[in-house]
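Visitor:
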Amino acid sequence: METDSSSSLIINPNTLNSKPTVIVIMGATGSGKSRLAIDLASQLQLQLPIEIINADSMQVYQGLDVLTNKVPLHDQKGVPHHLLGTISPEVEFTAKDFRDYAVPLINDITSRNHLPVIVGGTNYYIQALVSRFLLDESLGDTDDGCFDETKGDKEPHMQLMLDQENFSYSYESLKAIDPVAANRIHPNDHRKISQYLRLYTSCGGLPSKYLQEKTMENWGDGDNLRYNCCFICVDASLPVIDTYVDQRVDQMVNSGLLQEVYDIFNPDAVYTRGLRQAIGVREFEDFLKVYNCQELTITSIEKLKENMDTISCSSCENPLKQLLEDAIDKVKLNTRRLVRRQKRRLNRLQTLFGWNIHYVDATECLSCFTEESWTENVVKPSIQIIQSHFEKDTKCGFDARNVSNGVKLMERDLWTQHICKACGNKVLRGAYEWEQHKQGRSHRKRVCRLRKSGVSGLDG
Ligand SMILES: [Zn+2]
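The numbering used here applies: residue 62 is where the sequence shown begins, and numbers increase by one.
(1) Would you list the residues sitting across from Thr-422 in a DSSP beta bridge?
(2) Among Lys-131, Lys-382, Glu-432, whose alpha-carbon lies nearest the alpha-carbon of Asp-117?
(3) Please list the terminal residues of the continuous alpha helix (DSSP H) segment that includes Cys-354.
(4) For Phe-159, count neighbouring Cβ atoms within 10 angstroms of its own Cβ and tell me buried if that reaches 16, exposed if not.
(5) Whose C-beta lies closer than 6 Å to the C-beta of Glu-386 among residues of the same chain, with five residues either side of it excluded?
(6) Expressed to the nearest angstrom, what Euclidean distance is found between the alpha-carbon atoms of Ser-443 and Ile-340?
(7) Just mark Leu-145 as buried or exposed, buried being the case when its beta carbon has 16 or more other beta carbons within 10 Å.
(8) Tell me whether the region 99 to 112 and the region 306 to 319 touch, counting them as touching only if at least three CB pairs, one residue from each stretch, are closer than 8 Å.
(9) By the DSSP assignment, the beta strand (DSSP E) with Leu-489 in it spans what residues?
(10) Using the Cα positions of Ser-255 and Lys-487, report the straight-line distance between them to the nearest angstrom.
(11) Do His-419 and Gln-293 come within 7 Å of each other at the CB atom, strictly closer than that value?
(12) Select from Asn-417, Tyr-305, Glu-112, His-504 the residue whose C-alpha is nearest the C-alpha of Cys-484.
(13) Quick test of the definition: if touching needs 3 or more C-beta pairs under 8 Å, does the region 304 to 316 touch the region 324 to 338?
(14) To the nearest angstrom, report how far apart Asn-368 and Thr-129 are at their CA atoms.
(15) Could you please give me the residues that DSSP links to Tyr-232 through a beta bridge?
(16) Check for me: the alpha helix (DSSP H) holding Asp-152 runs from which residue to which?
(17) If you draw a straight line from the alpha carbon of Ile-148 to that of Leu-384, how long is it in whole angstroms?
(18) On the criterion of 16 or more Cβ atoms from any shown chain inside 10 Å, does Val-331 qualify as buried, or is it exposed?
(19) How many angstroms separate the CA atom of Asn-379 from the CA atom of Gln-355?
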């Protein structure tokens, strides 16, 4: 593609803002994010070499290259890719792990005056990376971020005062002083009760009021994003993505998806950790169990493809054929569900978190891919978005106008208890914790399991 040389920018993105600039390419699975990132590397006239950091929770693992749709080396066009197929498939790679790997990577990339481009559909990875709030339910207690734990040490006179008063750090006294705050915590959470009461003694105001203001500050402030982010979302209409996803699954099956899954197939494996959680692994379990028994004498991976063709062409009475078709249908269905989840979360990142996400529409490209339509509808608009981001040096990809509704919602919701029925009536305090909980793996698994057993009316 020819790019108008007058629009070419020669800038060092790291001098514009005290924070490093990162481009974040998001979007549902199958929308073409990876391809866009690679095309940007050759077509963006910033005089800055691009390096890509993968933010797809399944592509980080070694193995299942076809199933997880990793960009093959020859399609990477020499653009460096990080965190793509580098993690052992047996370990659980959490959002916190992702952040801990990606932050030093970004430091390194920007120190070489290259531009980091984060690409991936795992929104909680991206959130953990760019937001100061870490979305990982195992860490819990995120609102503690507004407490300075060392405060007591820094201000010995306060400590003394507390001691002199021989303050009883009881739930009852907190309830008497600040029922709103008390309502928010568990009666046995002594650490928090003590924190709230200390806060009351040191600040004089109600802890709930103070924390509410503090939380609003954190939420409503774009400066709390770790980077100067330019968010681009590759979007497409749902029916078009659905059709595309179906085609892609069939293609994957033809390109050897079964062989890959067969390789890691192990009837005793844990399917809730590491790479085996990928959509398209578990779905083939029933098929592979039966296949394994029947083909025990002639089984070999080389033979599988041949056998697969035989099974696909066999008559409907062949139980293996039925199992295979069911499995493929399940992969399609679960991928479509994932697409919907991803879209919902992206929407929330904008409305609730105030991320200034720029959408580019790949609908036309997905329904009939032509190089021209891709360039016109996706690549060129993205280049414009990035260039105007650099020109305006927009404040960290955060737009206060976006949150106006979200803020209202949070003011109302901040101190509301949510009870998660799926997780044994676990109490979540405030919209943030609730959002976070709903995105957590264990919650999603429970909801999924309960739905399968016919329980309705669950949040997720
Ligand atoms: Zn739950």
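Even for Gly, the Cβ is constructed at its ideal location relative to N, Cα and C.
For clarity, every value in this text was computed on a predicted model and none was experimentally measured.
Guide: In brief:
(1) Indexing the sequence shown from 1 puts residue 422 at position 361. Note on residue identity: the sequence assigns Asp, not Thr, to residue 422. Its beta-bridge partners are Asp-296.
(2) What you label residue 117 is simply residue 56 of the sequence shown in a count that begins at 1. Nearest C-alpha to Asp-117: Lys-131.
(3) Your numbering for residue 354 matches position 293 in the sequence shown. Residues 346 to 355.
(4) Along the sequence shown, one-based indexing puts residue 159 at 98. So Phe-159 counts as buried.
(5) Working through the sequence shown from its first residue, we reach residue 386 at position 325. Counting only Cβ-Cβ distances below 6 Å, and skipping sequence neighbours, we find nothing.
(6) Working through the sequence shown from its first residue, we reach residue 443 at position 382. Working through the sequence shown from its first residue, we reach residue 340 at position 279. If I take the Cα positions, the gap works out to 29 Å.
(7) Translated into positions along the sequence shown, residue 145 becomes position 84. Result: buried.
(8) no
(9) Numbered from 1 along the sequence shown, position 428 holds the residue referred to as residue 489. Taken as a continuous stretch (DSSP letters only), the beta strand (DSSP E) holding Leu-489 covers 487 to 490.
(10) The residue you call residue 255 lines up with position 194 of the sequence shown. The residue you call residue 487 lines up with position 426 of the sequence shown. If you take the alpha carbons of Ser-255 and Lys-487, they lie about 22 Å apart.
(11) Here residue 293 refers to the residue found at position 232 of the sequence shown. Here residue 419 refers to the residue found at position 358 of the sequence shown. It is Ile, not Gln, that sits at residue 293 in the sequence shown. Against a cut-off of 7 Å, the Cβ pair of His-419 and Ile-293 comes out as a contact.
(12) Residue mapping note: residue 484 aligns to position 423 of the sequence shown, counting from 1. Cys-484 has its Cα closest to that of His-504, out of Asn-417, Tyr-305, Glu-112, His-504.
(13) no
(14) The residue given as residue 368 occupies position 307 in the sequence shown. The residue given as residue 129 occupies position 68 in the sequence shown. Answer to the nearest angstrom: the Cα atoms are 23 Å apart.
(15) Along the sequence shown, read from residue 1 onward, the residue named residue 232 stands at position 171. Per DSSP, none; premise fails for Tyr-232.
(16) Taking the sequence shown and counting its residues from 1, one reaches residue 152 at position 91. Residue identity differs from the one stated: residue 152 is Val in this sequence, not Asp. Segment: none, Val-152 is in no alpha helix (DSSP H) and carries neither H nor E.
(17) Here residue 148 refers to the residue found at position 87 when the sequence shown is read from its first residue. Here residue 384 refers to the residue found at position 323 when the sequence shown is read from its first residue. Approximately 31 Å between the Cα atoms of the pair.
(18) Indexing the sequence shown from 1 puts residue 331 at position 270. By the 10 Å Cβ count, Val-331 comes out exposed.
(19) As a position in the sequence shown, residue 379 is number 318, starting the count at 1. As a position in the sequence shown, residue 355 is number 294, starting the count at 1. Answer to the nearest angstrom: the Cα atoms are 12 Å apart.
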